[in-house]
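Undergrad: Residue numbers (the numbering used here): 5 to 308. All C-beta atoms, glycine included, are put in the ideal place defined by N, C-alpha and C.
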């Protein structure tokens, strides 16, 4: 293990296990790099800049979007600041740019901890603990949220890795998402209807190349909890329990800046879908003193 510091990313920890390496930052409890034999399987964010695009961050206490930032819970209406202004949404929770404390370090594991301080739009005190364990071909993550308050809190969580199976163009990557349904969205990327994937050939990620498709959709109804992204030279997989994480957001990361455009595929296993604070779908109701844990694993293999 090595430890350095960055004014932008907090404490930077490098874990090692055989040929595997992982770089983590205390800001966002983020997984910034994961490599095997020097082969990178994630798109990193530079350590001397503000974290870009939520890369590798932990997203809590809600994943994805809350339309207009307004929701009602337990009879009370709350309003969150909008940080996706063009679509008028509150996006990706409260902790991605929070500096977590670093605890329980070993050569191949680390735990981060952070307390969410109640704010007007989310007046629920939570403790978030994030544990990473690096194995020889994968890295496992577990996020535990504990309600420190006296009222039940709405809650959801997801990771935000941008995976890279190889240096080939994304159009050549084959992605297998074994889900039966996909969430149709409007121009604000808010849910419209849940539809069978077979009704949307352009969104059916059945192991064929991505091509030029633009995708930013949530999938559910998983036959197994494993998503695979392959190129001619490698494979990245994300594994999870669909009962624990019944949704996954897939995003092709289209961006007007050529250096950022489609650099990696976001694969985000989620406890709940977009706008769950308003719909209630799969929302975690975290009772006072109760804890909730979600876990997933990212692995990689070089094929060349």
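Give the secondary structure of residue 36 by DSSP, where H, G and I count as helix, E and B as strand, and everything else as coil.
TA: Position 32 of the chain shown, counted from the first residue, corresponds to residue 36. Of the three classes helix, strand and coil, the one that applies to residue 36 here is strand, per DSSP.
Undergrad: Is the beta carbon of residue 199 less than 8 Å from the beta carbon of residue 186?
TA: Position 195 of the chain shown, counted from the first residue, corresponds to residue 199. Position 182 of the chain shown, counted from the first residue, corresponds to residue 186. Yes, they are a contact pair.
Undergrad: From this set, 24, 139, 32 and 227, which residue's C-alpha is nearest residue 65's C-alpha?
TA: As a working mapping, residue 65 is identified with position 61 in the chain shown. Among 24, 139, 32 and 227, the Cα nearest to that of residue 65 is on 32.
Undergrad: List the whole-angstrom C-beta distance separating residue 273 from residue 241, where the pair is believed to meet the contact cut-off of C-beta under 8 Å.
TA: Your numbering for residue 273 matches position 269 in the chain shown. Your numbering for residue 241 matches position 237 in the chain shown. Rounded, the Cβ-Cβ distance is 12 Å, inconsistent with contact.
Undergrad: What are the start and end residues of the beta strand (DSSP E) that includes residue 199?
TA: Locating residue 199 in the chain shown gives position 195, counting from the first residue. Note, residue 199: beta strand (DSSP E), 195-200.
Undergrad: Threshold first: 3 residues or longer. Then list the beta strand (DSSP E) segments lying entirely within the segment 187-266, N to C.
TA: Segments of the beta strand (DSSP E) lying fully in the segment 187-266: 195-200, 210-213, 220-226, 230-234, 238-244 and 251-255.
Undergrad: Just confirm the distance between the C-beta atoms of residue 84 and residue 71, as a whole number of angstroms; I'd bet it's less than 8 Å.
TA: On the chain shown, position 80 is the one that residue 84 refers to. On the chain shown, position 67 is the one that residue 71 refers to. Wrong, their Cβ atoms sit about 11 Å apart, outside the cutoff.
Undergrad: Going by alpha carbons, who is nearest to residue 213 out of 196, 184 and 269?
TA: For the purposes of this step, residue 213 is identified with residue 209 of the chain shown, where counting begins at 1. Checking every option, the nearest Cα to that of residue 213 belongs to 269.
Undergrad: Give me whichever residues DSSP pairs with residue 116 in a beta bridge.
TA: Here the question's residue 116 lines up with position 112 in the chain shown. Note: residue 116 sits in a beta bridge opposite 106 and 134.
Undergrad: Within 10 Å of its beta-carbon, does residue 109 have 16 or more other beta-carbons around it, so buried, or fewer, so exposed?
TA: Walking along the chain shown from the start, residue 109 turns up at place 105. Classification for residue 109: exposed.
Undergrad: If you draw a straight line from the C-alpha of residue 91 to the C-alpha of residue 190, how long is it?
TA: Within the chain shown, numbered from 1, the residue matching residue 91 stands at position 87. Within the chain shown, numbered from 1, the residue matching residue 190 stands at position 186. One C-alpha to the other measures close to 10 Å.
Undergrad: Tell me whether residue 146 sits in a helix, a strand or coil according to DSSP, three-state version.
TA: For the purposes of this step, residue 146 is identified with residue 142 of the chain shown, where counting begins at 1. Strand at residue 146.
Undergrad: Please name the residue, chosen from 184, 93 and 113, that lies closest to residue 278 on a Cα-to-Cα basis.
TA: Sequence index remark: in the chain shown, residue 278 carries index 274 (1-based). Taking only the C-alpha atoms, the option nearest residue 278 is 93.
Undergrad: DSSP state of residue 90, grouped into three classes?
TA: As a working mapping, residue 90 is identified with position 86 in the chain shown. In the structure shown, residue 90 sits in a helix (DSSP, three-state: H, G or I).
Undergrad: Between the alpha carbons of residue 204 and residue 184, how many angstroms are there, rounded?
TA: Within the chain shown, residue 204 is the residue found at index 200, counting from 1. Within the chain shown, residue 184 is the residue found at index 180, counting from 1. About 11 Å.
Undergrad: For my contact list, residue 291 and residue 151 are in at a C-beta cut-off of 8 Å; report their separation, rounded to the angstrom.
TA: Translated into positions along the chain shown, residue 291 becomes position 287. Translated into positions along the chain shown, residue 151 becomes position 147. Rounded, the Cβ-Cβ distance is 6 Å, consistent with contact.
Undergrad: Count the other C-beta atoms from every protein chain shown that fall within 10 angstroms of the C-beta of residue 107, then say buried if there are 16 or more, exposed otherwise.
TA: On the chain shown, position 103 is the one that residue 107 refers to. It is exposed - the Cβ of residue 107 has fewer than 16 other Cβ atoms within 10 Å.
Undergrad: On the CB-based measure, 16 or more other CB atoms within 10 Å of its CB, does residue 132 come out buried or exposed?
TA: Numbered from 1 along the chain shown, position 128 holds the residue referred to as residue 132. Buried, by the Cβ-count rule.
Undergrad: May I have the straight-line CA-CA distance separating residue 294 from residue 161, to the nearest angstrom?
TA: Your numbering for residue 294 matches position 290 in the chain shown. Your numbering for residue 161 matches position 157 in the chain shown. So the two alpha carbons sit approximately 16 Å from each other.
Undergrad: Let's see if you can read the secondary structure: which residues bound the beta strand (DSSP E) around residue 282?
TA: Numbered from 1 along the chain shown, position 278 holds the residue referred to as residue 282. Per DSSP, residue 282 belongs to no beta strand (DSSP E); it is in the alpha helix (DSSP H), 280-283.
Undergrad: Closest to residue 298 by C-alpha separation, out of 29, 40 and 145, would be which residue?
TA: The sequence position of residue 298 within the chain shown is 294, counting from 1. Minimum Cα distance to residue 298 is reached at 145.
Undergrad: Do you know whose CA, among 250, 208 and 13, lies nearest residue 228's CA?
TA: By one-based count along the chain shown, residue 228 stands at place 224. Per the Cα distances, 250.
Undergrad: In angstroms with no decimal places, state the Cα-to-Cα distance between residue 271 and residue 233.
TA: Within the chain shown, the letter at position 267 stands for residue 271. Within the chain shown, the letter at position 229 stands for residue 233. Computed Cα separation, rounded: 9 Å.
Undergrad: Assign residue 176 to one of three DSSP states: helix, strand, or coil.
TA: For the purposes of this step, residue 176 is taken as the residue at position 172 of the chain shown. Looking at residue 176 - three-state DSSP - the assignment turns out to be helix.
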